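In the working numbering, the protein residues as written are 1220 to 1594. Quick reminder that beta carbons are idealized off the backbone N, C-alpha and C, glycines included. On a predicted model such as this, the values are computed, not experimentally measured, just so you know. Below is one structure, written out as structure tokens; the observations come after it.
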Ligand code: SF4
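Below is the structure:
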């Protein structure tokens, strides 16, 4: 393993529009590279330009806290911060990978987030996050914190092979319960499920059941991408050792899409399985509106709800105009309330969408969303 220390010019990454998966406007990566070394990690693919050998080498942004201190200072901002969670995690390096024990950048960043009164959403696979329960509780009491863990399933043996550097799923579930018992909202990111390995009905059911028993507020699901190049080569080598017969199945669903997507038929089948199982256990498939409708601007709230409606409809195999309508609203400079009478003039907004928007502006929620989310 080698550690490279670098000085970063910026830390806080501003999204062009609100990210409706994480309900965040800003994200940050304090490390590049990840010794958790998950076999399916797309951080391994060439497009992310991670230095060194992925899984072994890590780049540490040693001046991250100094830079972040500047970036979070409202006096230095020309435009005010947008509402929403600051997302810590995801990307190409887990914020709680082992190197964090030494550098403590995540802990120091959380202290700054608390000082500046932002809500935070953490996503990790490491139980080291327990170390920061004190500061996360303070953020949650002051504003709000969500703690999410990602899983490919709850099977310990499969995890040992495909996620060799992280605590077993049972330990992750116990950590989620710990945070939940402290009053912090928790989520499972069931992604990626590994085709023909963790996408079976039995395992999906066991995973969702255990997550619900652990007390999660939501489960967000997605399939796996496998980009040609380093990511695919590395993955297929491990898959061959796990079960060589599966390589033909992979050839059938990963047919060279430039983003590494599997076939739509395959994604439709696992989405359907997830949807049916999530319904059985009555678990939300998106972050519940009550966890964010008081911290977003009205435009962002509408964008998120429309995108979630779009997601639910697509899960049902239907086409939807709501994704485009959400995009159109995300480009607005003025607030929706100020142009209430002119909504139909906006691109992609018809009578039905107008009704949904007006309901959200009035109540902070949508009955159509609620109905779809329960199907
Ligand atoms: S924990 Fe996340 S970033 Fe790290 S190797 Fe696994 S998938 Fe990649």
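By DSSP's assignment, residue 1405 forms a beta bridge with 1366. For residue 1391, the three-state secondary structure derived from DSSP is helix. Spanning the alpha carbons of residue 1294 and residue 1307 requires a straight line of approximately 23 Å. DSSP places residue 1439 within a strand segment (E or B) once states are collapsed to three.
Judged by the Cβ position, residue 1260 qualifies as a neighbour of the ligand SF4 at the 7 Å threshold, a heavy atom of the ligand being closer than this.
Cβ-Cβ distances below 6 Å link residue 1583 to 1512 in the same chain, with the five nearest sequence neighbours on each side left out; the list follows chain order. In this structure, residue 1290 places its C-beta atom within 8 Å of the C-beta atom of residue 1231.
Not one heavy atom of the ligand SF4 is found less than 7 Å from the C-beta of residue 1446.
For residue 1582, the enclosing alpha helix (DSSP H) covers residues 1570 to 1582.
Beyond the five residues adjoining it in sequence on each side, residue 1426 comes within less than 6 Å, by CB distance, of 1372, 1373 in the same chain, given in chain order. In this structure, residue 1443 lies away from residue 1328, with their beta-carbon atoms at least 8 Å apart.
Between residue 1280 and residue 1330, the alpha-carbon positions lie close to 17 Å from each other. A heavy atom of the ligand SF4 is found nearer than 7 Å to the CB of residue 1344.
Here the alpha carbons of residue 1249 and residue 1286 stand approximately 11 Å from one another. Leaving aside the five residues that flank residue 1578 on each side, the residues in its chain whose CB is nearer than 6 Å to its CB run, in chain order, 1585. Taking 7 Å as the cut-off, one finds no heavy atom of the ligand SF4 near enough to the beta carbon of residue 1435. When DSSP states are grouped into helix, strand and coil, residue 1423 belongs to the helix group.
The three-state secondary structure of residue 1298, taken from DSSP, is coil. Pairing residue 1459 with residue 1465, the inter-Cα distance amounts to about 8 Å. Uninterrupted beta strand (DSSP E) stretches at least 3 residues long and entirely within the region 1311 to 1362 occur at 1339 to 1343, given in chain order. The beta carbon of residue 1396 sits closer than 6 Å to the beta carbons of 1433, 1434 from its chain, once the five residues preceding and following it are set aside; these are given in chain order.
Contact between residue 1346 and residue 1391 holds, since their C-beta atoms are separated by about 7 Å, short of 8 Å.
Taking the Cβ of residue 1270 as the reference point, every heavy atom of the ligand SF4 lies at 7 Å or farther away.
In this structure the region 1533 to 1547 lies against the region 1566 to 1574, because at least three pairs of beta carbons, one per stretch, are closer than 8 Å. One Cα belongs to residue 1354, the other to residue 1452, and the distance between them is close to 40 Å. For residue 1523, the enclosing alpha helix (DSSP H) starts and ends at 1517 to 1534.
Cβ neighbours of residue 1503 within its own chain (closer than 6 Å, five residues either side excluded): 1437. At least one heavy atom of the ligand SF4 lies closer than 7 Å to the C-beta of residue 1256. Note that the C-beta distance between residue 1236 and residue 1549 is below 8 Å. The alpha-carbon of residue 1556 is positioned some 28 Å away from that of residue 1361. Between residue 1404 and residue 1365, the CB-CB gap stays under 8 Å. Residue 1251 carries a strand assignment under DSSP once its states are collapsed to helix, strand and coil. Straight-line spacing of the CA atoms in residue 1414 and residue 1559 works out to 46 Å. Judged by DSSP in its simplified three-state form, residue 1503 adopts strand. The C-beta distance from residue 1242 to residue 1303 rounds to 6 Å, short enough to fall under 8 Å. Look at residue 1313: its beta carbon is less than 7 Å from one of the heavy atoms in the ligand SF4.
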